[in-house]
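**Student:** In full-length UniProt numbering, the protein residues as written are 1 to 327.
Just so you know, even glycine gets a beta-carbon here, dropped at the ideal spot from N, CA and C.
Attaching a single structure in structure tokens format; questions to follow.
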Ligand SMILES: *Cc1c(COP(=O)(O)O)cnc(C)c1O
């Protein structure tokens with residue numbers, strides 16, 4: 001890690017983003033409280049303007065750039081929640097955002113990204129090629145790369161969620177959330193555990209591509225094969241030259257659990273049936289772990305409901321086996 005991060009980085013991020021990102025609600029869940037035997041709350045990050053917490057990190061980093069850097073614009077190769085967050089934060093400042101996408105990205109996704117106000121650069125045959133093209137545009141056009149997780153400003157931005165949680169629920173003891181690139185739990189872990197080291201953090205990974213879990217076990221970044229999953233926002237490697245999130249996730253995540261597809265779908269179905277929340281698989285994993293009794297919180301728990309990027313048809317397919325129609 002180049003320079004150690006501290007709680008102060010998260011407070012600086014909060015000061016920078018708070019005018020743009022009002023705190024998201026912390027919803028008390030009676031059914032999960034019944035089930036877990038401790039008070040359970042849901043941190044509703046899917047209510048962010050772009051439908052995911054990724055807006056925190058992207059806003060923090062883009063607002064930190066110098067005027068010259070902002071004038072030249074920003075670039076990323078994420079077509080997921082991070083891509084939408086970068087597009088939105090840049091549009092808000094009236095600056096240029098370029099998203100590099102491969103020719104394989106489906107037309108519906110391209111359309112949605114275009115509508116988000118970003119400029120699309122469509123070239124290459126894979127996500128890796130899109131990443132290379134992104135690096136080229138960065139050099140040739142002086143654009144600033146906004147990485148999806150492995151950067152102190154992204155991590156600090158995600159960490160602002162942790163400050164909101166302790167502010168509203170100072171007796172929080174357990175926090176459960178998805179663990180993929182590790183920006184989310186590095187940031188939330190930093191803000192919570194540097195405030196109170198006894199807060200327990202559980203990171204949920206997918207069985208079908210647990211890159212961070214494998215990397216923590218190996219003590220270095222490793223590549224893992226990936227397969228389609230309901231929690232597609234939890235896929236993707238951690239970068240073989242990972243600088244920050246491997247170290248910080250190792251330090252702050254107390255426990256990691258891998259979830260099956262069935263468990264993820266059960267969590268999605270529970271959130272729909274009991275709270276009428278439609279969320280993507282990656283956002284349901286904390287609920288899955290609670291209802292499948294894979295974790296045993298001993299005090300007030302918060303589940304990070306991270307995003308809602310899912311096609312309604314796919315959502316219905318996932319929850320169908322677990323919900324009953326009362327018609
Ligand atoms: C990005 C993302 C995550 C995981 O965050 P990382 O910083 O990659 O660990 C979880 N849920 C959703 C909805 C996401 O978009």
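Where do the ends of the alpha helix (DSSP H) carrying residue 275 lie?
**Tutor:** 261-275
**Student:** Taking C-alpha atoms, which residue in 140, 141, 158 lies nearest to residue 329?
**Tutor:** No answer is possible for residue 329: it lies beyond the span of the chain, which begins at 1 and ends at 327.
**Student:** Between which two residues does the beta strand (DSSP E) containing residue 122 stretch?
**Tutor:** 119-122
**Student:** If you drop the 5 nearest sequence neighbours on each side, which residues of the same chain put their C-beta closer than 7 angstroms to that of residue 65?
**Tutor:** 144
**Student:** Whether or not the segment 208-219 and the segment 106-119 are in contact is what I'm after, with contact meaning three or more pairs of Cβ atoms, one per stretch, closer than 8 angstroms; do they touch?
**Tutor:** no
**Student:** To the nearest angstrom, how far is it from the Cα of residue 14 to the Cα of residue 326?
**Tutor:** 45 angstroms
**Student:** Within 8 angstroms, do at least three Cβ pairs link the segment 298-311 to the segment 37-51?
**Tutor:** yes
**Student:** Counting pairs of beta carbons, one from the segment 193-210 and one from the segment 230-250, are three or more of them closer than 8 angstroms?
**Tutor:** yes
**Student:** With DSSP run on the structure shown, which of helix, strand or coil describes residue 252?
**Tutor:** helix
**Student:** Do you know how far the Cα of residue 68 is from the Cα of residue 264?
**Tutor:** 44 angstroms
**Student:** Can you give me the start and stop residues for the alpha helix (DSSP H) that residue 296 sits inside?
**Tutor:** Element bounds for residue 296: n/a, residue is neither H nor E.
**Student:** What whole-angstrom Cβ distance do residue 202 and residue 163 have, given they're in contact under 8 angstroms?
**Tutor:** Going by Cβ atoms, the distance from residue 202 to residue 163 rounds to 19 angstroms, so no, they are not a contact pair.
**Student:** Is any heavy atom of ligand 1 found at a distance shorter than 7 angstroms from the C-beta of residue 214?
**Tutor:** no
**Student:** With 16 as the cutoff for other CB atoms within 10 Å, does residue 125 come out buried or exposed?
**Tutor:** exposed
**Student:** Taking just the CA atoms, how far does residue 4 sit from residue 178?
**Tutor:** 23 angstroms
**Student:** Are the beta-carbon atoms of residue 150 and residue 59 separated by less than 8 angstroms?
**Tutor:** Taking the C-beta atoms as reference points, residue 59 is found no nearer than 8 angstroms to residue 150.
**Student:** Compare the Cα-Cα distances from residue 279 to each of 318, 249, 248, 247 and report the closest residue.
**Tutor:** Selected option, being the one with the closest Cα: 318.
**Student:** What is the rounded straight-line gap between the Cα of residue 38 and the Cα of residue 298?
**Tutor:** 7 angstroms
**Student:** What does a CB cutoff of less than 7 angstroms around residue 31 pick up in its chain, not counting 5 residues either side in sequence?
**Tutor:** 274
**Student:** For ligand 1, is there any heavy atom lying closer than 7 angstroms to the beta carbon of residue 149?
**Tutor:** If you check the C-beta of residue 149 against ligand 1, you find a heavy atom less than 7 angstroms away.
**Student:** Between residue 26 and residue 43, which are expected to be in contact by the criterion C-beta below 8 angstroms, what is the C-beta distance as a whole number of angstroms?
**Tutor:** 6 angstroms
**Student:** I'd like to know whether the C-beta atoms of residue 212 and residue 191 end up nearer to each other than 8 angstroms.
**Tutor:** no
**Student:** Are the CB atoms of residue 128 and residue 200 within a distance shorter than 8 angstroms?
**Tutor:** No, Cβ-Cβ distance for residue 200 and residue 128 is not below 8 angstroms.
**Student:** Return the chain-ordered list of same chain residues with a C-beta closer than 6 angstroms to the C-beta of residue 87, the five sequence neighbours on each side being excluded.
**Tutor:** 97, 116, 117, 118
**Student:** Look at the alpha carbon of residue 313 and the alpha carbon of residue 6, and state the distance between them as a whole number of angstroms.
**Tutor:** Within the model, the alpha-carbon separation for residue 313 versus residue 6 is close to 43 angstroms.
**Student:** Less than 7 angstroms between the CB of residue 81 and some heavy atom of ligand 1, yes or no?
**Tutor:** yes
**Student:** With distances taken Cα to Cα, identify the nearest neighbour of residue 11 among 167, 243, 293, 221.
**Tutor:** Across the set 167, 243, 293, 221, the C-alpha of 167 shows the shortest separation from the C-alpha of residue 11.
**Student:** Heavy atom of ligand 1 less than 7 angstroms from the Cβ of residue 54, yes or no?
**Tutor:** yes
**Student:** Any heavy atom of ligand 1 within a distance shorter than 7 angstroms of the CB on residue 247?
**Tutor:** no
**Student:** Using the C-alpha atoms, what's the distance from residue 303 back to residue 267?
**Tutor:** 12 angstroms
**Student:** Does the Cβ of residue 104 have 16 or more other Cβ atoms within 10 Å, making it buried, or fewer, making it exposed?
**Tutor:** exposed
**Student:** For residue 94, does the count of other Cβ atoms within 10 angstroms reach 16, so buried, or fall short, so exposed?
**Tutor:** With fewer than 16 Cβ atoms within 10 Å of its Cβ, residue 94 is classed as exposed.
**Student:** Quick one: Cα of residue 141 to Cα of residue 72, how far?
**Tutor:** Residue 141 and residue 72 have their C-alpha atoms roughly 8 angstroms apart.
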